[in-house]
Each structure stands twice: as structure tokens, then as C-alpha cells.
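A short write-up of the structure that comes next.
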Amino acid sequence: MAKITLSKLRHSYMPNPKSDSDYALKEIDLDWNDGGAYALLGPSGCGKSTLLNIISGLLVPSEGQILFDGQDVTELPPDQRNIAQVFQFPVIYDTMTVYDNLAFPLRNRGRDEETVKRRVMAIAEMLEVTDMLTTRASNLSPDNKQKISMGRGLVREDVNVVMFDEPLTVIDPHLKWKLRSKLKELHQRVKATMIYVTHDQTEALTFADQVVVMQLGEVVQIGTPVELFERPAHTFVGHFIGSPGMNILPCTLTGGVAEIEGQPVALEGPVSGTAAGKTEVGIRPEFVTLTTDTPDSGLPATITKVSDVGRHTVVECNCLGHKVNAVIDGGVPGGKGTPVHLEFQRDQTRLYVDGWLATQPEHLT
Amino acid sequence: MKTENQKAWFFVLPVLLLVAFNALIPMMTVVNYSVQETFGDNVFFWQGLDWFQQILRSDRFHAALGRQFMFTFLILIIEVPLGIAIALSMPRQGFWVPVCLVLMALPMLIPWNVVGAMWNIFTLPDIGLLGYFLNHTLGIDYDMTQDPVAAWVTIVTMDVWHWTSLVVLLSYAGLVSIPDAYYQAAKIDGASSWSVFRYIQLPKMKTVLTIAILLRFMDSFNIYTEPFVLTGGGPGNSTTLLSIDLVKIALGQFDLGPAAAMSLIYFAITLLVSWLFYTLMTKDDQN
Chain U
-11 MAKITLSKLR HSYMPNPKSD SDYALKEIDL DWNDGGAYAL LGPSGCGKST LLNIISGLLV
49 PSEGQILFDG QDVTELPPDQ RNIAQVFQFP VIYDTMTVYD NLAFPLRNRG RDEETVKRRV
109 MAIAEMLEVT DMLTTRASNL SPDNKQKISM GRGLVREDVN VVMFDEPLTV IDPHLKWKLR
169 SKLKELHQRV KATMIYVTHD QTEALTFADQ VVVMQLGEVV QIGTPVELFE RPAHTFVGHF
229 IGSPGMNILP CTLTGGVAEI EGQPVALEGP VSGTAAGKTE VGIRPEFVTL TTDTPDSGLP
289 ATITKVSDVG RHTVVECNCL GHKVNAVIDG GVPGGKGTPV HLEFQRDQTR LYVDGWLATQ
349 PEHLT
Chain V
250 MKTENQKAWF FVLPVLLLVA FNALIPMMTV VNYSVQETFG DNVFFWQGLD WFQQILRSDR
310 FHAALGRQFM FTFLILIIEV PLGIAIALSM PRQGFWVPVC LVLMALPMLI PWNVVGAMWN
370 IFTLPDIGLL GYFLNHTLGI DYDMTQDPVA AWVTIVTMDV WHWTSLVVLL SYAGLVSIPD
430 AYYQAAKIDG ASSWSVFRYI QLPKMKTVLT IAILLRFMDS FNIYTEPFVL TGGGPGNSTT
490 LLSIDLVKIA LGQFDLGPAA AMSLIYFAIT LLVSWLFYTL MTKDDQN
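Residue numbers (this note's numbering), protein chains in the order written: chain U, -11 to 353; chain V, 250 to 536.
Structure representation (C-alpha cells):
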């Protein structure tokens, strides 16, 4: 158990990185609290696996430090860091039985057979694989194999952090859900810090207490799933999280009033900072309402597409030349081509300057 | 819907005919010779299993068979571990991969009788590069036409030189197919490099190694051209392997009956040992 601190971490796969774009990871400062459940979320190639490999010790960063409880482990090899990692594809030792697989990390560290047995039985019971202990690991189904690779990580008592690198990629959809809740349950039982890397927002949001969103080698936001959903700190987070993602509309800002193509839009609160640069309005589709009346406020638009996604309907509109999605729970006012008015819920309408959130909620000011 | 008709025979028949003409019918001729005695002019006398009994009881056959097993055992025990070791030390990526692969493949591309001739000249004590070096520079008395031990060392070395590459290439193919995650997981699990070899690399190479061992067994057990060109079975009979002995009986002494019986026994042994190897090596996969 340990608190993990990443300090001024930078990494490049090139021998002599010059510009910022040569870095796979650009300056990361981050604290992972002991016992937390974290998710690292980001599109492919954003540097999340690089970050994971640096924490596990498979990679040594070009610059910066990693501290476990204040102790510098930057140069330590993986086996001396007391970490566990579960990979995208289940890694099991084919020729061994399930029992031997689980015992492997302990035996390598020279634990006596009695301790080994006690730990293996405890973990097997936790993972519900007790009945498979004598089976050859190569005969297991993919989800059980992945369970065993998890078990190999958890079997050590002193493990500092368990890291999951997109562990559900090869698992059947109906088992994904089961395994995910198993993970959540395990986290509550073993109380080790867990870091879960994924590009799937559902996985990240259901597993983690805190989600770290990454893009192009940078951390763009750290927050609870609710925070990420309601107050994306960056248009990327708004766009990446949610289905469909946040509507981002270019706007002008004059004297604290935002206007989209000349039409005023009420923001949640005052704009902080100088607000010089590219300005955009961000609003979640869930907070856009459609009316066929002609109200005083609101933006004129035309419906371009209606998709029924089950519990609700996603309506795509063309609003003053920009695409706006709205999530509607009730009836849809009309089909393609219907003229409508869009209302943005005021306390959910944010302003972004150069991609970054620039408004504050009213009650804070 | 399951269609049941006899159409498949049309596809199998040409193959059956081909196999019949190039394997089954010639083989039946051998069977025919193995149970009869002939003095030419297509006159045959029925012999029953006499030739088989004669071959199986002959000391000459036992000696050749012993030498054959000895040869195969030696080359397998050298080529398999050596091949794995070379494959393990080959680079996994970069400029040197194709260079290594081509260098490895070179010996296998040389025709067998050329290999024999090359090594024959190479080891000549007076003018051969190796022979001269051993005798005149190192002062080791080496002449494979005189000394049985030298002859054995030479044919085994030649086979190792010629065929280790096969084991290397197959093992290498097995090695490069192991995903990086296995090595990373092993590092995290604190596995020693021996454990990595024993529990990751060896199991992943198993299928290709089974094929490599089978191929090397069959090839070395039936080897003829290279030792024939190199030593001709000598000095004396010291390197007379089964195939060389067989040719001596069939074409040297023109004893067609015993030679036919011997070929069939030879064939049965090869088949039996191959089957044994395969069954033993794949036994673990069954349960």
C-alpha cells in the first residue's frame, strides 16, 4: 500500500527529443492516493499505456520521478516495486496448473509453501476459481484466464498498486459486465490502489472513483465521473465522454455576452480570465430541449436526423450552420426537416476559451 | 441441410492414382521381391518370410541399425539444444534480423551431394582447409579416411552444420510469436531468466519444436547422400549407416530379396519411431 506520486514526468521514445511533439508524455504531475480506484481514460495513442509502463517499471522515463510513499523508485525494476499488472491479453503460464500459476509470483520470491497455499486459497476463493485449481491453465476460457492473471497480481499481500491495461478487450460482452463488477468488489476487499487503463468510457466511469482523462500525452482533467460529465474542464473531455458527446459551438464574446452567429446565449456564470483566443459554447445534449413554438429566447434550428437509441432519442439538428445533438426522453416534435427552437439549460451552458473551461457557476461568485 | 452423395470421390481419385503410381505400386514391387527369390528372366521362387528372418538375425544389420540410431541420437542431441540457443540469441527486430535469417538459411540451400563433396575437400589432411589446419598448424593427427572416430566426428559435424538452421528457423518463428506482455508479466512476477525459458519460451516453441524434431529424426534416419559422398561408409564399415548398407546389398551385391526385406523393415522402424516421438510429444495436449 502506498501513495504514488508522479513528479514532472516526461517521456520520449526518441533518443534526442527536441520539440514538445517528440514526447509521448508531456510533463505529468499526479498523485494517486493509497487505496483509490482510478481510471486512465483516453483515445488510443494518448500515452496512457506509456504512463502505466512507467509506473510499473517496464519503462524508465526520460525525465522526472516516481515516488512510492515519498521514496524514489524511478530506476527500480518491476519486481522490486511490488506492483501487479494485468494485460490486455490474458497472460498465463500454459504448462502450469491454475494453482501453480497463482503461486508463481510467491514462489519466485521464496515464500514457504504454507504461506503460498494460504494466499492462493484465499485469492482463488475471492475470484471464485477454487474448483479449477488443479486444471491446466491453458484449458481455461478467456475470462477465466484473465481472472487468473488478475489473481497473480493480487496474490502478493504487499502489493502497492494493481494496474489494468484494457483487461476486458478479449472478453465476451456478457462476461465483461460480470468481470467488471468482480473487479469493483475486489477493490473493496483488498483495498489496494488500482489503476485501470481504458479507452472505453463506460468501463472507466463504472470502475473508478477518480478518472484521469488524457489526450496527446497530457492529463486534461482529473475528476469523479459526475464532474467529468457535468463540468468538462476541456472541450476534449466534453467530446470524449458522453454519448453523444458535448455540443461545442463557436461563438463570439463581447462584454461578457456570448453570441452564436449573432444570437445571444446565456452562460452559467461570469467568464474568468481575459478570454482572449478561440471562444466556444459547450452544452451537453442532455441539457438541450426542443420546442416547436416560437419562444422569445432560444436558437432556431432544423431537425436533420432522429435516432432512437432505446431509452431515449437522439435528435440531430442544424442550428445556424452548426450541428447540435439533443437527447430527448419524451416524444420527438417531428421528423427530418422540422423547424424547431433549441433551449440550452442555463446552468449547464459553459464557455471554453482555447479549449479550456472559462466560466464559473453563478453561486460561486 | 446435409448433402449426401458420392461426388467427393471425383476429387480424391486423381490423388489416389498419383499416389498409387509413385508410391504404392513401386512399394508393392518391393513387397513382391521381399518374399521371393529370383535369378532373372522373371523366374520367381516363393520364400515366405525367410529374407525377413535372415535380415533380422544378421549381425551386419544389427550393426548398421546401431550406427544409424547412434548417428540420429548424436545429431538430435546436438542440433536441438544448439538450434534453440541460437534462436534465443538472435535479434528480434532491426537491421540484423534479415541478415541472420539469410545466413541461417544458406547451408540448407546447398544440394546434399555438394555438401558431402565440400566437406570431403574441406577435411583432406594435405590440402583441405580444416584438415591442413588441424594436422599442420595444431598438430592434431586427423584423417577421417583412416580413423573411425575422426570419420564420425566429421559426419556429425557436417550434419550439424547443414541442418541446425532448420531447428533455429522453426524455433525462431515460435519465439517471435510470443507477445511482449508475457515477458513483462514475467518481470513483474519476478521470474528468473530460466523460468522465462522454461514456462514461457519453451511451451510456446513446443509445437514448432515437435515438427523440427520429427523432421530431423526422419531426415537423419534416412540420410544417404552426404555420408556416402563424404566417407562412402568407411573407414571399414565404421560409418556404414542403414541406407548405405541397403544400397550396398541391393546394388552392390544385387541381393534383391534381402534388400527388399530390409527396406520394409527400415521403413517400419522409421514409421514406428516417428509415431512414438509424435505421440509422446503431443501427449500433454490431450488432457
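The beta carbon of each residue, even a glycine, is placed where N, CA and C say it ideally should be.
Keep in mind it's a predicted model, so treat the numbers as computed, not measured.
*Identify each residue in the segment 81 to 109 of chain U for which the Cβ-Cβ distance to at least one residue of chain C is less than 7 Å, and report them in chain order.*
Checking the listed chains, one finds no chain C in this structure; the protein chains it contains are U and V.
*Please work out which residues of its chain come closer than 7 Å, Cβ to Cβ, to N369 of chain V, disregarding the five sequence neighbours upstream and downstream, and give them in chain order.*
V478 and L479
*Going straight from the alpha carbon of Q302 of chain V to that of Q285 of chain V, what length do you get?*
13 Å
*Quick one: what's got a C-beta closer than 7 Å to T474 of chain V's C-beta in the same chain, skipping five residues either side?*
W361, N362 and G365
*Proximity test, Cβ basis, 9 Å: Y527 of chain V and chain U*: no
*May I ask you to report which of helix, strand or coil DSSP gives H187 of chain U?*
coil
*Please go through the same chain and pick out, in chain order, the residues whose beta-carbon is closer than 6 Å to the beta-carbon of T267 of chain U, but skip the five residues on each side of it.*
C239, L241 and V341
*Just the C-alpha distance for G265 of chain U and E247 of chain U, rounded to the nearest angstrom, thanks.*
15 Å
_Starting from A72 of chain U, trace the beta strand (DSSP E) in both directions and tell me its first and last residue._
I71 to V74
*asked:* Whether or not the segment 408 to 424 of chain V and the segment 45 to 57 of chain U are in contact is what I'm after, with contact meaning three or more pairs of Cβ atoms, one per stretch, closer than 8 Å; do they touch?
replied: no
*Within the segment 257 to 290 of chain U, ranges of the beta strand (DSSP E) (whole runs, at least 3 residues)*: 267 to 271 and 276 to 279
_When U:K135, U:K105 and U:E101 are compared against V117 of chain U, the one with the closest alpha-carbon_ = U:K135
_9 Å is my cut-off, CB to CB: does P66 of chain U come that close to chain V?_
yes
*Quick one: is R492 of chain V buried, meaning 16 or more other Cβ sit within 10 Å of its Cβ, or exposed?*
Arg is not the amino acid found at residue 492 of chain V; the sequence shown has Ser there. When all chains shown are included, S492 of chain V counts as buried.
*For E331 of chain U, which three-state DSSP category applies?*
strand
*So T122 of chain U and Y81 of chain U are in contact, right, with Cβ under 8 Å, and what is the actual spacing, rounded?*
Contact doesn't hold; Cβ gap of about 15 Å is too wide.
_Measuring only the C-alpha atoms, how far is I210 of chain U from H222 of chain U?_
11 Å
*If you run the structure through DSSP and keep just helix, strand and coil, what is P238 of chain U?*
strand
*Rounded separation between G52 of chain U and G325 of chain U - CA only*: 56 Å
*asked:* Residues of chain U with CB closer than 9 Å to the CB of I437 of chain V, please, in chain order.
replied: S44, G45, L46, P66, D67, R69, I71, A72, Q73, P93, R140 and G141
_What does the alpha-carbon distance come out to for the pair N536 of chain V and E191 of chain U?_
Caution is warranted here: a pLDDT of 47 is assigned to N536 of chain V, below 50, making its placement in the model unreliable, and the coordinate value is therefore given only provisionally. Between N536 of chain V and E191 of chain U, the C-alpha separation is close to 36 Å.
_chain V contact for Q134 of chain U (CB, 9 Å cutoff)_ = no
*With C-beta atoms as the reference, is L393 of chain U less than 9 Å away from Q251 of chain U?*
In the structure as shown, chain U begins at -11 and stops at 353. Residue 393 of chain U is therefore absent and cannot be evaluated.
*Where does G295 of chain U land, buried or exposed, given buried means 16+ other C-beta within 10 angstroms?*
According to the sequence as given, residue 295 of chain U is Ser; it is not Gly. Exposed is the call here.
*Report the option in U:L39, U:Q176 and U:S50 whose CA atom is closest to the CA atom of M2 of chain U.*
U:S50
*Expressed to the nearest angstrom, what Euclidean distance is found between the alpha-carbon atoms of H311 of chain V and Q317 of chain V?*
10 Å
*Would you say I514 of chain V faces chain U, with C-beta separation under 9 Å as the test?*
no
*asked:* Let me see if you follow: with CB-CB separation under 9 Å, is Y448 of chain V close to chain U or not?
replied: yes
*At a CB-CB cut-off below 8 Å, which residues of chain U make contact with S420 of chain V?*
Ordered by position in chain U, no residue passes the 8 Å Cβ test against S420 of chain V, which lies about 17 Å from the chain.
*Name the two residues that bound the continuous alpha helix (DSSP H) containing P220 of chain U.*
Element bounds for P220 of chain U: n/a, residue is neither H nor E.
*So, is M367 of chain V buried or exposed, given that buried needs 16 or more other C-beta atoms within 10 angstroms?*
buried
*asked:* In this structure, how does DSSP classify L308 of chain U when only helix, strand and coil are distinguished?
replied: coil
*Mark W443 of chain V as exposed unless 16 or more other C-beta atoms lie within 10 angstroms of its C-beta, in which case mark it buried.*
exposed
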